[in-house]
Amino acid sequence: MIRIAAILNVTPDSFFDGGRSLARDAAIQRGLALRAEGADWVDVGGESTRPGAAPVSVEEELQRVLPVVRGLVAAGCPVSVDTSKASVAEAALEAGAEVINDVTALGDPRMATVAARYGAGLVLMHMRGTPATMQQNTRYSDVVSEVRQHLAERIDRARGAGVSRIWADPGLGFGKGTPENLALLRRLGELRSLGVPLYVGASRKRFVGELSGCPDPADRLLGSLGAAAAAVAGGAEVLRVHDVAATRQLLAVFTAAMGPS
Ligand code: HH2
Numbered sequence: 398m399i400r401i402a403a404i405l406n407v408t409p410d411s412f413f414d415g416g417r418s419l420a421r422d423a424a425i426q427r428g429l430a431l432r433a434e435g436a437d438w439v440d441v442g443g444e445s446t447r448p449g450a451a452p453v454s455v456e457e458e459l460q461r462v463l464p465v466v467r468g469l470v471a472a473g474c475p476v477s478v479d480t481s482k483a484s485v486a487e488a489a490l491e492a493g494a495e496v497i498n499d500v501t502a503l504g505d506p507r508m509a510t511v512a513a514r515y516g517a518g519l520v521l522m523h524m525r526g527t528p529a530t531m532q533q534n535t536r537y538s539d540v541v542s543e544v545r546q547h548l549a550e551r552i553d554r555a556r557g558a559g560v561s562r563i564w565a566d567p568g569l570g571f572g573k574g575t576p577e578n579l580a581l582l583r584r585l586g587e588l589r590s591l592g593v594p595l596y597v598g599a600s601r602k603r604f605v606g607e608l609s610g611c612p613d614p615a616d617r618l619l620g621s622l623g624a625a626a627a628a629v630a631g632g633a634e635v636l637r638v639h640d641v642a643a644t645r646q647l648l649a650v651f652t653a654a655m656g657p658s
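Just so you know, the sequence shown maps onto residues 398 to 658 in the numbering used here.
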């Protein structure tokens, strides 16, 4: 069964949904609507990672994220927290979040021990550099093997700290251009040898716009569904998406048609 993590950014500057859910109640309502559309959990983020995004302080990130995590948990909605700061992750887990989505894959050395202490799931994503610098050099000799090696090392580290529920994410768009993103999607199957389920976020990203001639992220839904289908064909277990109902519809047909006869 393919699972869906719904994107809920409580930020003013996220590339697609920035500013839509800044008020606590609006964010909670949106999260619950995404859950009702068929999300397995809602991924709450308080810091944009788009290229060049400004960093956010711990206090500011907590202020954005925590009330929303609390509201969603109180309403029975499973939550993950999209953060690279162990202290934000810890507060969110304390408030009832079940998964940490760490785009820096243990960039904060305390992250693995925090995840282990709470028995939380942990998404480890590949990124080269930081959001401020990651698009300055997108050349790799072999992007798939570099990503694989990096993730294998971080998975080992997380396991060593006692984390048992781990997903690996190639980090589409994070220090990668369209050719690298396509190589990762085409050869996603090679990452299955990491031995953990794969988590993929392609939703409305720039490479989808480049491939489909849609410069405005608002126009990228259909292209995103194409990327989601490719990710599932390559073995993804979790899709991180903005558009839950449309992705569910795609999955209902795609997995039925591709499944065992
Ligand atoms: N992509 C984004 C943010 N977090 N986490 C994982 N694990 N994988 C991804 O591909 C991923 C992620 C970027 O998308 P979005 O949250 O929509 O935008 P922003 O970073 O501008 O808030």
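Note that the Cβ used here is the ideal one computed from N, Cα and C, for glycine as well.
- The DSSP-derived three-state label of Arg551 is helix.
- Of the candidates Arg507, Thr644, Leu585, Ala654, the residue whose Cα lies closest to the Cα of Ala402 is Thr644.
- Contact annotation: Val496 and Val520 have beta-carbon atoms nearer than 8 Å.
- Exposed is the label assigned to Arg536, since fewer than 16 other Cβ atoms lie within 10 Å of its Cβ.
- One thing to note: Arg545 has its Cβ within 8 Å of the Cβ of Leu588.
- When only Cα atoms are considered, Pro448 and Lys602 end up about 11 Å apart.
- Collapsing the DSSP output to three states places Ala403 in a strand.
- A Cβ-Cβ separation of about 7 Å places Phe571 in contact with Met522 under the 8 Å criterion.
- A straight line joining the alpha-carbon of Ala451 with that of Gly656 spans about 43 Å.
- The Cβ atoms of Val478 and Val470 lie no closer than 8 Å to each other.
- Under the three-state reduction of DSSP output, Leu569 falls in the coil class, being neither helix nor strand.
- Residue environment analysis places Asp640 among the buried positions, since at least 16 neighbouring C-beta atoms fall within 10 angstroms of its C-beta.
- Excluding residues up to 5 positions away in sequence, Val470 lie with their Cβ nearer than 6 Å to the Cβ of Gly493 in the same chain.
- Ranked by how close their Cα comes to the Cα of Glu444, the residues Asp499, Ile425, Glu434 have Asp499 in first place.
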